[in-house]
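There are 2 protein chains.
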Amino acid sequence: MYIESQKNSKVQLWAGLKTKKGRSSHGSYLAEGARLAEEALQSSRVVESVLVDVAARDDYQSLRSLAVAKGAEVYELSPQAFLSVSDTVTSQGIIAVVRQSDLSPAFPAYTLVLDGVQDPGNVGTLLRTSDAFAVSEVCCSEETADPFSPKVVRASMGGTFRLSIHRMNAASYIRTWTEAHPDGDIIITEADGEIACHEVDFSKPALIVIGSEAAGVSAAVRTLASKRVFIPMTASAESLNAAVAGSIVLYESYRQRH
Amino acid sequence: MYIESQKNSKVQLWAGLKTKKGRSSHGSYLAEGARLAEEALQSSRVVESVLVDVAARDDYQSLRSLAVAKGAEVYELSPQAFLSVSDTVTSQGIIAVVRQSDLSPAFPAYTLVLDGVQDPGNVGTLLRTSDAFAVSEVCCSEETADPFSPKVVRASMGGTFRLSIHRMNAASYIRTWTEAHPDGDIIITEADGEIACHEVDFSKPALIVIGSEAAGVSAAVRTLASKRVFIPMTASAESLNAAVAGSIVLYESYRQRH
Numbered sequence: 003m004y005i006e007s008q009k010n011s012k013v014q015l016w017a018g019l020k021t022k023k024g025r026s027s028h029g030s031y032l033a034e035g036a037r038l039a040e041e042a043l044q045s046s047r048v049v050e051s052v053l054v055d056v057a058a059r060d061d062y063q064s065l066r067s068l069a070v071a072k073g074a075e076v077y078e079l080s081p082q083a084f085l086s087v088s089d090t091v092t093s094q095g096i097i098a099v100v101r102q103s104d105l106s107p108a109f110p111a112y113t114l115v116l117d118g119v120q121d122p123g124n125v126g127t128l129l130r131t132s133d134a135f136a137v138s139e140v141c142c143s144e145e146t147a148d149p150f151s152p153k154v155v156r157a158s159m160g161g162t163f164r165l166s167i168h169r170m171n172a173a174s175y176i177r178t179w180t181e182a183h184p185d186g187d188i189i190i191t192e193a194d195g196e197i198a199c200h201e202v203d204f205s206k207p208a209l210i211v212i213g214s215e216a217a218g219v220s221a222a223v224r225t226l227a228s229k230r231v232f233i234p235m236t237a238s239a240e241s242l243n244a245a246v247a248g249s250i251v252l253y254e255s256y257r258q259r260h
Numbered sequence: 003m004y005i006e007s008q009k010n011s012k013v014q015l016w017a018g019l020k021t022k023k024g025r026s027s028h029g030s031y032l033a034e035g036a037r038l039a040e041e042a043l044q045s046s047r048v049v050e051s052v053l054v055d056v057a058a059r060d061d062y063q064s065l066r067s068l069a070v071a072k073g074a075e076v077y078e079l080s081p082q083a084f085l086s087v088s089d090t091v092t093s094q095g096i097i098a099v100v101r102q103s104d105l106s107p108a109f110p111a112y113t114l115v116l117d118g119v120q121d122p123g124n125v126g127t128l129l130r131t132s133d134a135f136a137v138s139e140v141c142c143s144e145e146t147a148d149p150f151s152p153k154v155v156r157a158s159m160g161g162t163f164r165l166s167i168h169r170m171n172a173a174s175y176i177r178t179w180t181e182a183h184p185d186g187d188i189i190i191t192e193a194d195g196e197i198a199c200h201e202v203d204f205s206k207p208a209l210i211v212i213g214s215e216a217a218g219v220s221a222a223v224r225t226l227a228s229k230r231v232f233i234p235m236t237a238s239a240e241s242l243n244a245a246v247a248g249s250i251v252l253y254e255s256y257r258q259r260h
């Protein structure tokens, strides 16, 4: 199907998915570029549509076949209509429109809570790391950067499609998780923590919390913590980047269990 | 001293430090914002000048005293002259002009080589992590993003001022390091590496190489490697972010030695 005008109602809906409001009212998000579109199509997610810039129509024969096989609608857009949906400076001419999963949280034994992480690059990197270290579910608090924004989806390198991501109150998620895993640890990372991250016993269920870049974990979450963990480092250094600190704790938990 | 015009020759020189060409011809770089300016002033680096937006002149009395005590010139710039030097969207109205260190490389027992890391955020994050994990010297290859660009300096969170950073050919740096540490390991990280990073013996001297995000380490550097290391992760995941992977190896080396 070919769409010429950027005023077309479908095009306007897709362009709206660049905003948080558009994503939450429509329940889907954009995965731009050949690699992300392919990963979305190969994942278990529902891909509603694949949008191709008509100027690049000959580049994506195999991706289009994949889309058709998965039941996604393929649209060819005029360059200006495509541009209105694209979020990148130099576009590859292909975007997948992916349905947000509507599964309920499963509260698995190893899980990650992002408690106010602000930077989309950090959120995406933490989703990518979670995927690498076998964490299957991530709770993103309302104060955390939207995990379905184009920048987060790009930085997650496809992690978004493979993880079960839930946008909900962090303290509520933690309370329900604790009921499911009464022997589990709620782990927060702090410069003056009481135990080094490599001394934590990760054979027990663990919920790892990453707080905001500037202020750390929220007061409500801090009262729920059972272990305040530090990452050993030199005294002179300020701190680690939030995505790096979280990734090191996730690495430790994975290393110990494998 | 007050400068009104953005055509003033000093202002034009400072504005030129936003470009790689300007930084290499003048040998200094910009550290923007109150926190970075303060860290530069408290470091062992020479701070040539401190630039204050005249509209924010009352906000920085203590930083100005610090600058004067360190022998830096303090300039008040008109808002438009300041804006022409600033690299941020919402400026705090203060910038330190920092002299690049002219020390020669020291080739210490634990060192980091960035071999073509492209993303300024990743380079800055790796400098920040090096600082946290007691790596004092970093070699940035010519293909690596400029470690003195405003974006890298910001992401390093002051690491730039505390590390000895050398922009030079990675293979040359590695060869000289090996002469100084004939029993040391040249460590590269690869998905199909031969040994897990936590199984490496970091009591020996170690030079850790981080390659480019897309292509990994260069062919010239790969032939010099003595250990090809992998980070244990699930088979389904693509890979880790370059800054995260490098940070995990740096963490392992620090953890084992402390």
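Taken in sequence, the protein lines are chains R and P.
With positions in the first sequence counted from 1, the corresponding number in the numbering used here is that position plus 2.
With positions in the second sequence counted from 1, the corresponding number in the numbering used here is that position plus 2.
Just so you know, even glycine gets a beta-carbon here, dropped at the ideal spot from N, CA and C.
Everything numeric in this text was worked out from a predicted model, so none of it was measured.
Proximity of residue 171/P to chain R, defined by a Cβ-Cβ separation below 8 angstroms, is not satisfied.
Considering only 198/P, 242/P, 215/P, 214/P, the residue with the shortest C-alpha distance to residue 257/R is 198/P. Taking a contact to require three or more Cβ pairs closer than 8 angstroms, the segment 193-207 of chain P and the segment 75-94 of chain P do not qualify as touching.
Within chain P, the C-beta atoms nearer than 8 angstroms to that of residue 242/R come from 130, 131, 134, 249, in chain order. Taking 7 angstroms as the upper bound on Cβ-Cβ separation, chain R lies near residues 123, 127 of the segment 94-128 of chain P. In terms of beta-carbon proximity, residue 245/P lines the interface with chain R, with at least one pair separated by less than 8 angstroms. At a cut-off of 8 angstroms, the C-beta of residue 162/R has no neighbouring C-beta in chain P. At a beta-carbon threshold of 9 angstroms, none of the residues of chain P lie near residue 214/R; the nearest stands roughly 15 angstroms away.
With contacts defined by Cβ atoms closer than 8 angstroms, residue 46/P and residue 75/P do not form a contacting pair.
For the 8 angstroms CB-CB criterion, residue 157/R and residue 127/R form a contact. Assigned with DSSP and collapsed to three states, residue 58/P falls in helix.
Within the DSSP secondary-structure output, residue 256/R pairs in no beta bridge. Among the CB atoms of chain P, none fall inside 8 angstroms of the CB of residue 146/R.
When Cβ pairs closer than 8 angstroms are counted between the two stretches, the segment 93-111 of chain P is seen to touch the segment 128-144 of chain P, the count reaching three or more. Shown here, residue 169/R sits in a strand according to DSSP, grouped into three states. Interface annotation for the segment 216-241 of chain R against chain P: 233, 234, 235, 236, 238, 239, 240, 241, criterion Cβ-Cβ distance under 9 angstroms. Bounds of any alpha helix (DSSP H) do not take in residue 98/R; it lies within the beta strand (DSSP E) bounded by 96-101. In the DSSP assignment, residue 132/R falls within the alpha helix (DSSP H) that extends over 122-134. Apart from sequence neighbours up to five positions away, the residues of its chain that approach residue 4/P with a beta-carbon distance below 6 angstroms are 78, ordered along the chain. The DSSP-derived three-state label of residue 109/R is coil.
Closer than 8 angstroms to the CB of residue 200/P there is at least one CB belonging to chain R. In the DSSP assignment, residue 65/R falls within the unbroken alpha helix (DSSP H) covering 63-72. At a cut-off of 8 angstroms between beta-carbon atoms, residue 47/R makes no contact with chain P. Contact check for residue 133/P and residue 211/P: beta-carbon distance about 18 angstroms, past the 8 angstroms limit, so the pair fails to qualify. When the beta-carbon positions are compared, residue 96/P and residue 249/R stay at least 8 angstroms from each other. Closest in C-alpha terms to residue 42/R, from the list 252/R, 216/R, 163/R, comes 163/R. At least one beta carbon of chain R lies nearer than 8 angstroms to the beta carbon of residue 260/P.
At a cut-off of 8 angstroms, the C-beta of residue 257/R has a neighbouring C-beta in chain P.
Taking 8 angstroms as the cut-off, the Cβ atoms of residue 179/P and residue 113/P count as close. For residue 208/R, the enclosing beta strand (DSSP E) stretches over residues 208-213.
Here DSSP, grouped into helix, strand and coil, assigns residue 248/P to helix. Per DSSP, the unbroken beta strand (DSSP E) holding residue 33/P starts and ends at 30-34. Runs of beta strand (DSSP E) with 3 or more residues, each lying fully within the segment 175-204 of chain R, are found at 187-191, listed in chain order. Residue pairing by DSSP leaves residue 9/P without any beta bridge partner. Between the alpha carbons of residue 15/P and residue 125/P lies a gap of roughly 25 angstroms.
Using a CB distance cut-off of 8 angstroms, residue 175/R does not count as an interface residue toward chain P.
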